[in-house]
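One structure is given below, encoded as structure tokens.
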Amino acid sequence: MKKLAVLFTIFTLLISCSTGNNKIVLQESNGRMNHLLIVMKNSEWKGNVGDAIRKILTEPVVGLPQPEPLFDITQVPEDNFGSMFKAVRNVLKLGIADRNSFNIATNVYADPQKIITVTGKTKADLIAEIKKNSKSIISTFKKADIHLVQNKIIKKYYNIANIATFKKHGYSLKIPKSYNKVEDNGDFIWYRYHLAGGNSMELISYTYPIKSDNDINGNNVVEKRDSIGKKYIPGAIKNSYMITEAAYTPHMFQTKLAGLPAIETRGKWEVKGVYMAGPFLNYSVIDKKNNRVIVVEGFTFAPSINKRDYMFELEAILKTLKIN
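Heads up, our numbering is the position in the sequence shown plus 858, with the first residue counted as 1.
Structure (structure tokens):
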């Protein structure tokens, strides 16, 4: 009996340890980048609450030639939020409850996944919570999508040691091997991803010394990128080259990249003397320690088709910037 009791105790301990160490394996999430599933009542979706969230989530993306929304959105009522929809990567749940609240949850039903829940005691309260937390809603889903793109698109990237400009200047980007080298002369790099129909996504990078406050506050961003275009990015005819579109004032924002202050510039480029144009995203990173500005930029040539997701992929690559 004593032996049986000992064996039973050991067996029980083994089962307990095994159970304690088991982790719930979540299903893989699904969903396109820049797409949200909104879970809320149909009646609220068609009313003022729906109007409030649509106004925030479908704002046009800054810097694109044609209006494109921040997110593509799909709405379902709570009763339809079953197993199929629970695997969606980005979910926003809105509704009336006994308190006003804003909550962000990670990997609830799938991995990776972000679920944001916003509630209000009344419709007016719910709208107020949506507006109060609008920046957090957008940034949470955008950051999640940036990480997704980085994990999927940049699985294989070029060895930094083989890129002369990065090696010489002590910084780097994770440039996917699906991009082809156009130029790397030790002071300027240019990589290109070929899209269907002769379209393309482009990555460039360079540095320049800090000589005045204008190099720090962003006043020289357009002047510098135009000079680089003239020097390194020629057009199809003589004396043509890439410039910042004169008729469109770029949008500039203070931000941080690689832990340093930076100027984010979104605008349109064109080729002087040639009918070619498109959007660009430029980060001018202020590296005071090394008395320089590090520029990483992406731009797209894809006339007549939507460009939001192309620019978003370029943004994800630019945000891999690392300074040695």
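Positions of the beta carbon are idealized from the N, C-alpha and C atoms, including for glycine.
Query	Result
Cβ pair aspartate 1084, threonine 1102 closer than 8 Å	yes
Close beta carbons around aspartate 1012, own chain, < 6 Å, minus the five adjacent residues each side	For the sequence presented, residue 1012 should be read as isoleucine rather than aspartate. Answer for isoleucine 1012: Lys1032 and Pro1034, listed in chain order.
Proximal residues to lysine 989 (C-beta, below 7 Å), its chain only, five neighbours per side dropped	Ala910
Pick from Lys1026, Ala955 and Leu1179 that is closest to leucine 1115, judged by C-alpha positions	Leu1179
As assigned by DSSP and simplified to three states, the class of glutamate 886	strand
Assigned secondary structure, asparagine 1072 (DSSP; H/G/I helix, E/B strand, else coil)	helix
Distance between alanine 982 and glutamate 902 (C-alpha atoms, nearest Å)	11 Å
Helix, strand or coil at isoleucine 1021 according to DSSP, with G and I counted as helix	coil
Buried versus exposed call for valine 883 [16 or more other C-beta atoms within 10 Å across all chains shown]	exposed
Threonine 1107 (DSSP reduced to helix, strand or coil)	coil
Of the listed residues His1005, Lys1126, Thr916 and Arg1124, nearest to isoleucine 1175 (C-alpha basis)	His1005
According to DSSP, residues forming a beta bridge with glycine 1028	None; glycine 1028 has no bridge partner.
Nearest-angstrom Cα separation, counted from isoleucine 1018 out to phenylalanine 1024	7 Å
Distance cut-off 7 Å: glycine 1093 Cβ against heavy atoms of the ligand FMN	Absence of the ligand FMN is noted for the structure shown, with no ligands found whatsoever.
Three-way DSSP call (helix, strand, coil) for leucine 950 in this model	strand
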